[in-house]
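Per the working numbering: the sequence shown ends with 422, consecutive numbering throughout.
Cβ atoms here follow ideal geometry from the backbone N, Cα and C, with glycine treated the same way.
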Amino acid sequence: MSERTIFLIDGQSFYASIEKAARPELRDKPVAVGDPARRNGIILAACPIAKGRGVTTAERVGEALAKCPDLVVVRPRMGTYIQISLLMTRIYEMYTDQVEPYSIDEQFLDVTGSLSNFGEPAEVARSIQQRIQLSTGVWSRVGIGPTKILAKTATDNFAKKRPEGVFVLNQENMERELWPLPVHQMFMVGSRMTRHFVRMGLHTIGDVARLELGDFKRKMRREMGKQSDIQAEYYWQTARGIDPSPVVAGIRKKLKSIGHGKALRAHLYRKLEDLEVVLLELVIEVCRRARRHGVMGDTVHVGAAETDGTRSSYFGRQVKLQQPTALTHEVAAAALRLLREHWSGMPVARLSITLGGLADDSVDQLTLFEDRTKTTSIERATDRLKDRYGPAAVMRASSMLESGVARERAEQIGGHYK
Numbered sequence: 005m006s007e008r009t010i011f012l013i014d015g016q017s018f019y020a021s022i023e024k025a026a027r028p029e030l031r032d033k034p035v036a037v038g039d040p041a042r043r044n045g046i047i048l049a050a051c052p053i054a055k056g057r058g059v060t061t062a063e064r065v066g067e068a069l070a071k072c073p074d075l076v077v078v079r080p081r082m083g084t085y086i087q088i089s090l091l092m093t094r095i096y097e098m099y100t101d102q103v104e105p106y107s108i109d110e111q112f113l114d115v116t117g118s119l120s121n122f123g124e125p126a127e128v129a130r131s132i133q134q135r136i137q138l139s140t141g142v143w144s145r146v147g148i149g150p151t152k153i154l155a156k157t158a159t160d161n162f163a164k165k166r167p168e169g170v171f172v173l174n175q176e177n178m179e180r181e182l183w184p185l186p187v188h189q190m191f192m193v194g195s196r197m198t199r200h201f202v203r204m205g206l207h208t209i210g211d212v213a214r215l216e217l218g219d220f221k222r223k224m225r226r227e228m229g230k231q232s233d234i235q236a237e238y239y240w241q242t243a244r245g246i247d248p249s250p251v252v253a254g255i256r257k258k259l260k261s262i263g264h265g266k267a268l269r270a271h272l273y274r275k276l277e278d279l280e281v282v283l284l285e286l287v288i289e290v291c292r293r294a295r296r297h298g299v300m301g302d303t304v305h306v307g308a309a310e311t312d313g314t315r316s317s318y319f320g321r322q323v324k325l326q327q328p329t330a331l332t333h334e335v336a337a338a339a340l341r342l343l344r345e346h347w348s349g350m351p352v353a354r355l356s357i358t359l360g361g362l363a364d365d366s367v368d369q370l371t372l373f374e375d376r377t378k379t380t381s382i383e384r385a386t387d388r389l390k391d392r393y394g395p396a397a398v399m400r401a402s403s404m405l406e407s408g409v410a411r412e413r414a415e416q417i418g419g420h421y422k
C-alpha cells in the first residue's frame, strides 16, 4: 500500500485575519477579536502584530489593553467566520473530496489521489495557500505528512514558524526534527501529563519514541497505575507518528443527545422564578434543534453550577420520560421539576439542559387526552418562522423579562456575537 499524503491546513489568527481583510485601514495595526465593551471578557484571537506586543489568546481584554494600549479590539462576528470556514472547505474540495474539518480554522485533506493532477505536495500546498488568501484574506499554514498526527504536528510545531508556512514531516526527518522537541509539544500532552513524563525522566518526544512499547508501558504503570496501558500505547504511537485513522469527509455522527447551556451572572440569578425563565428558553432551543434533526428524546438532564462567592457546588439530575418527545411543554415540565427539587438556593453561574435517549421522530405515540400532532405542527410552524426571520422572530413573553437571555442569545453563535 502506498504512503498517504495528508495536509493539515490552519488559518493564521483566523478571526483577526478576517477582520483585517474586511477593514484595510487595520492592516498595520494590532488587532484582537473580543468584546470591546467588556474589559473582563476574553481575547478570542490576536493578529501577529498584537501577539508581538504580548497579547495572547484567552487573556482578559483589559489585560491585553494594558500591554498594548493602541490595540484595536473588534467584536466577533461568528456567522461570518463560519461562512468563511465553509468557503475554505469548498476551495479544498477543488483539490480532493477527502476533506475533514478539525475545527473552524483547521481541516485535514487527503491529497494522495490528487497529486497526479496538481503536482508535488509542496506545490499543491502553495496553490491552496494562494487561492485561500485571494478568496478570504487569510494566510494559511500547511503541515504535510503520511498520517494525520504527523500532518497536525508539522503544522503546529514547524509550518507556523516558517515564512512560507509549509512543512513536511515524515519518517525520513522525524527523528531529526520531531524527536528533539520537549515532550510538552507532543500532541495531546498537557501540563499534567508533562509532569508525569518528567518524573519518568522523559524530557523530549524522542525519549518516549526510542523506548520499546513494553518498557514504556512498565514506566507508565509505575507512574500512573495499571490502567495506563491504553494511554501508554497512544503516546508511544504519537511520538513515532503512527496513526492509522483515515481522513473522513465530513464530521457528522449519529446524535446521542442534544444540549444547551448558558453562563449566567450569578449575582443576578438568586430567585427560582428567574432561573425558570432561563431554563424554559434553553428547553425551547433544545426542542427546536431536536425537531430540526428529526429526533425526540426520552431522558431530560438538568445541570447547574452554583456559587455564593465563597462556596461552589454543582448538581446534575435526570429523569426518564414516559415516552420520547421534542415538544417544549413536555420537556419543560420535566426540566422545571428537576430544578425545583434539586436547586440548593445558592446563586447560579451556569444552567444547562440536555435531551437524551434520542430516537427517530417519524413514529410518535398518540394519546387520548392531547392532540400531540397539532402541537407538533404549531411548533414546527414556529421553527420555520425562526429559520426565516431569525431566532428572535417568535419569543415567549417571559423572555422579555429582565432575567431572560433569549434576546441576547439571538444575536450570538456559540456564545459570541454573529
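- A direct Cα-Cα distance of roughly 28 Å separates E345 from R411.
- About 14 Å separates the Cβ atoms of V281 and T332, ruling out a contact at the 8 Å cut-off.
- Annotation: K230 to D219 spans about 14 Å, alpha carbon to alpha carbon.
- Nearest C-alpha to H297 among T329, W347 and Y318: T329.
- Pairing I209 with A163 gives a Cβ-Cβ distance that is not under 8 Å.
- Uninterrupted alpha helix (DSSP H) stretches at least 4 residues long and entirely within the stretch 219–307 occur at 233–243 and 276–296, given in chain order.
- Per DSSP, R354 is not a residue of any alpha helix (DSSP H); the beta strand (DSSP E) it occupies stretches across V352 to G360.
- Taking all protein chains in view, the Cβ of E310 is crowded by 16 or more other Cβ atoms within 10 Å, so the residue is classified as buried.
- In this structure the stretch 16–23 lies against the stretch 85–92, because at least three pairs of beta carbons, one per stretch, are closer than 8 Å.
- Looking at D114, A26, Y96 and L75, the one whose alpha-carbon comes closest to that of D39 is L75.
- Contact between V335 and R321 is ruled out by a C-beta separation of about 14 Å, above the 8 Å threshold.
- Secondary structure note for P40: it is in no beta strand (DSSP E), with a DSSP letter that is neither H nor E.
- For V304, the closest of A338, A155 and L173 by C-alpha to C-alpha distance is A338.
- When DSSP states are grouped into helix, strand and coil, E104 belongs to the strand group.
- Judged by DSSP in its simplified three-state form, F122 adopts helix.
- Secondary structure of T377 (DSSP, three-state): helix.
- Per DSSP, the unbroken alpha helix (DSSP H) holding F201 starts and ends at S195 to R203.
- A Cβ-Cβ distance of about 19 Å is found for the pair D109 and T100, leaving them out of contact under the 8 Å criterion.
- The stretch 127–147 makes no contact with the stretch 177–185; the number of CB pairs closer than 8 Å stays below 3.
- If the five residues before and after R57 are omitted, its C-beta is found closer than 8 Å to the C-beta atoms of P34, K71, C72 and L75, all from its own chain and listed in chain order.
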